[in-house]
Every structure is written in structure tokens, then in C-alpha cells.
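Undergrad: Pasting a structure here, questions to come.
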Amino acid sequence: MFYRVLLYLKQPSNRLWISTILSVFWAILFAFVAKLSNLFFPPEIFPKIELSTLESLLNVIASTMFAVSTFSLSIMVSAFSSAANGATPRATNLVIDDKTSRRAVSSFISAFIYSIIAKTALGMEFFGQNGRFVLFITTLAVLSYVIFTLIKWIYVLSHLGRLGNTIDKIYDSSEKSLQNYRADPSLGATWKGTLGLQAESIYAQDTGYLTHIDFAQLQKIAQQLSTYIHIAIRPGELIMPDTLLAKIDCVSDKANTIRECFILDKDRGFDQDPLWGIIVLSEVAQRALPPSANDPGTTIKVMMHMMKLLVTPHTNNHPQRKHYDRLSIVDLNIGKIISHSFSPIARDGGAIMEVGITLQKVLASIWRNAPEIELREAAIIAAENYLKRAETYLTFKEDYDLLRQKHLTLFNKTKYFN
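Right, dumping it as C-alpha cells:
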């Protein structure tokens, strides 16, 4: 239950209001810190601040922050729509999850709440001389922070929702997920044994995409039963009621508890699914190919991002993952990402010479440099298939001959392939 609640709070659509609520809490606390000044300082030790001075500052914050908050929210909604229409709807959550945007909106709203509370307290003569001075200092601090945040927010507004910015966000999320996978392909499940003949099968009994697996809870169940659990599915798979989720090496009444450790959703997610980000990038490339868009340059740029993701080996700057010595998990067939992501581009861009040549270059680079043998093998097979497909699209013989020659040059098997 706690794992599901944590995932719910981490969803981009929920982080915005959570950040705002936390900021409002601190704003309320900040406004009442002035009242506590008499507990730590002698009475009237600080300079006297006129009531009109404080009210003027608070009026400025209250009147401007309400308008700025409303304006910022409208800009964010426009950016979400732009990301969905210009790139792909699957990227909308990444735009929603922009840290600077969340921080800016929550700062503006909390500053507005702070000014209202402080004005009300002043009207009730809640503060003495020391309290007014402390309130004056805190108000200046709030105003300075809001100005700094507003300057950063103006810079973000010039990029938020634009196609290039959205592509970068997809790339960053994809890189994080893929690097986590390459650091530990088994996701921390280290048991390498085999289950006995009496192993009990656990089926999904529900539908949706598997987005997360609660490994810690599964490990706890296995320890309680002094047994082992084999996970038969990977995050990112489409689950049906008869899909096998796991097998446990004993007969127990924990089937429902085990089933709850597999989190299903109507959409795939980036966290534990290393392939999803590359598929989303592929969607962006496809949307640039139709004659109505006529933007092969974006397709080429996206394919270069996809290539970089697939050929970049694991780096050692990732935190150590927990090990679960009573769990094992089925291997991920990472090679399938080649057909899932590049085939739609080859199909929709087969008649565009520049796209075809770049596609062959990208696949050749994956074939020579990808860390996984499955990726390298899938890349050369795909390149040959896409060359055959291009023959049906490129009606001008010289174009096809050039593409074929480029393919033969790039895939020099005697030089590169073992």
C-alpha cells in the first residue's frame, strides 16, 4: 500500500499540487515566525517599522502574485498542449514534471498566501515592534525570492513546450531509465536458482501496462515463507487476465498479496521501462514525416538521439541498487526495441532519401557500438530489411542505388562483424 501511495505522489500530475501545498505550509510558518521574535529578543530592541510600509509591500505582493500565478498556469496549460500536438501526447507528463515550472508556480501561490496571512495578522495587531521588524525582513526575503524565481521562470517560458525542449526531456528520461537498466539488468533480483516442480503460478487477473514492480515487498514475502519467487514479466509489457506474473516455490495463500506487488496502469511509464523512452522518441520522429509536417530534419535529429541512447555504455555514477537474493526475473529482450522504434520510421519515411541514409548510418553505428549483442544483431537485420523496403518506395533507380551502396559501405562485415 505504501509503495502505491508513493508512486501516486510521484506522478507528474500530482507533484504540482504537492509542491504548492508544501510551499504554502512554509509560507504560513514564515508569516508567524515574526510573532515568536519576542521569545528570543528583548522587547522593542529592533527599529520601529511603520504599519503603512509593511502594508504597501504586502499589497504589492498580494496584487501581483495572484495575477502572475494565473498567468503562469495559463502558460503551462498552453505548453502542455503544445507538447502533445507538436511532439507526442506521451511526452505531456514530462513537461508537467518540469521542476522549474513547479517551483515557480508554487512560489507565486505561496507568496500570495503569505501576503494575505501577513496582512490579516497586521490588521488584527498581532505583531509588536519586534514582530513588525521581523515581518519586514521576511517580507523582503519573500519578495527577493519571488523576483529571482520570476527571472528564472521567464527563461523557462522561452523554451517550455517547444519541440526541441520536449525532445530533450524525453531523451533525459530515457537515458536515466536505460542507464539504470544497464547498471543492473535484473533490477536487483540476484537469485539464479530454479524453481521446483511444485511451484505455484500467479496470474494477473487484470489488464493494463505493467509500470512498476515492488521488489522490496516481494522479497519480504519470500523471506516470510522461506522460499523464492521468479518474476515472469518485465515492466512495460501489456498485461491480460491470463498473463503469468510470477511463480513461487511453494503453495501459499499469498497469491493476492503477490499480485498487488505488480502495478498496472493504462499508460506505460519511464521509471522501470528502459525501452519506453525510445519508443516515444520514435513517435516524435514519425509525426515529422507526413507531407503535412514535411520536417525530415526533426526525424533525423531524433534518430541521432535514439542512436546515442543505444550505443552509450553504462557509466559508474549511478547509485547502488538494493539486492533481492530471493527473487529472480526473466531477461529483457532488448533487441526488440530496434524493430519497435525504427520500423515505423522506415515505413513512413521510406520515400525520403535523407531519412533512409541516416537510418542506415544510425543502425550501422548501433551494430558496431551497442553494448548488448542482441542490439547489434537486431540492427543489422533491420538495416537489411529497411533496404528492401526502400526499394519499393524509391522509384528513382539512382536514389536506391546510392542508398544500397551506402548500406554496403557501412555494413562491411569483414571489417566490423565477428
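Heads up: the sequence shown at position 214 corresponds to 243 in this note's numbering, and the numbers run straight through without jumps.
C-beta atoms are modelled at their ideal positions from N, C-alpha and C, and glycine is treated no differently.
Source: prediction; values computed, not measured.
Thinking C-alpha only, which one of Arg316, Leu216 and Tyr232 is nearest Val359?
TA: The residue you call residue 359 lines up with position 330 of the sequence shown. Per the Cα distances, Leu216.
Undergrad: Near Asn447, what residues of its chain come up, given a Cβ to Cβ distance below 6 Å and the 5 sequence neighbours on each side ignored?
TA: Your numbering for residue 447 matches position 418 in the sequence shown. Because the pLDDT of Asn447 is 44, which lies under 50, any placement of that residue in the model is unreliable, and the number read from its coordinates should be weighed accordingly. Contacts found: none.
Undergrad: Within 10 angstroms of the Cβ of Arg456, are there 16 or more other Cβ atoms? Answer buried if so, exposed if not.
TA: With the chain running from 30 to 447 in the structure shown, residue 456 is simply not present.
Undergrad: Report yes or no: do three or more beta-carbon pairs, one from the segment 286-301 and one from the segment 227-244, lie closer than 8 Å?
TA: These segments touch.
Undergrad: Roughly how many whole angstroms lie between the Cα atoms of Asn209 and Ser92?
TA: To locate residue 209, count along the sequence shown from 1; it is residue 180. To locate residue 92, count along the sequence shown from 1; it is residue 63. Each residue's alpha carbon lies about 46 Å from the other.
Undergrad: Which partner residues does Ala275 have in the DSSP bridge list?
TA: Against the sequence shown, residue 275 aligns to sequence position 246. Ile231 and Ile260, per the DSSP bridge assignment.
Undergrad: Mind checking Tyr37: buried by the 16 CB within 10 Å criterion, or exposed?
TA: Residue 37 sits at position 8 when you count from the first residue of the sequence shown. It is exposed - the Cβ of Tyr37 has fewer than 16 other Cβ atoms within 10 Å.
Undergrad: Do Lys295 and Gly237 have their CB atoms nearer than 7 Å?
TA: On the sequence shown, position 266 is the one that residue 295 refers to. On the sequence shown, position 208 is the one that residue 237 refers to. Result yes, Cβ atoms of Lys295 and Gly237 sit closer than 7 Å.
Undergrad: Going by CA-CA distance only, name the one from Gln389, Thr328 and Leu83 that's closest to Gly160.
TA: Position 131 of the sequence shown, counted from the start, is the residue given in the question as residue 160. Comparing Cα-Cα distances from Gly160 to each of Gln389, Thr328 and Leu83, the minimum goes to Leu83.
Undergrad: Are the segment 67-77 and the segment 111-126 touching by the rule of at least three beta carbon pairs closer than 8 Å?
TA: Touching, no.
Undergrad: Based on the DSSP secondary-structure assignment, which residues constitute the bridge partners of Ala113?
TA: Here the question's residue 113 lines up with position 84 in the sequence shown. The partner list for Ala113 (beta bridge, DSSP) is empty, contrary to what the question assumes.
Undergrad: Closest by CA to Glu229, which one among Ala317, Ala261 and His188?
TA: Here residue 229 refers to the residue found at position 200 when the sequence shown is read from its first residue. It is Ala261.
Undergrad: Would you kindly report the start and end of the unbroken alpha helix (DSSP H) that includes Gly152?
TA: Against the sequence shown, residue 152 aligns to sequence position 123. Residues Lys128 to Gly152.
Undergrad: Cα-Cα, which of Ile386, Arg191, Ser130 and Met382 is closest to Thr424?
TA: Working through the sequence shown from its first residue, we reach residue 424 at position 395. Considering only alpha carbons, the answer is Met382.
Undergrad: Taking C-alpha atoms, which residue in Glu312, Val163 and Leu267 lies nearest to Glu73?
TA: In the sequence shown, residue 73 corresponds to position 44, counting from 1. Of Glu312, Val163 and Leu267, the residue nearest in Cα terms is Val163.
Undergrad: Do you know whose CA, among Phe59, Ile183, Leu310 and Ile47, lies nearest Ile146's CA?
TA: Residue numbering aside, residue 146 sits at position 117 when the sequence shown is read from its first letter. The shortest Cα separation from Ile146 among Phe59, Ile183, Leu310 and Ile47 belongs to Phe59.
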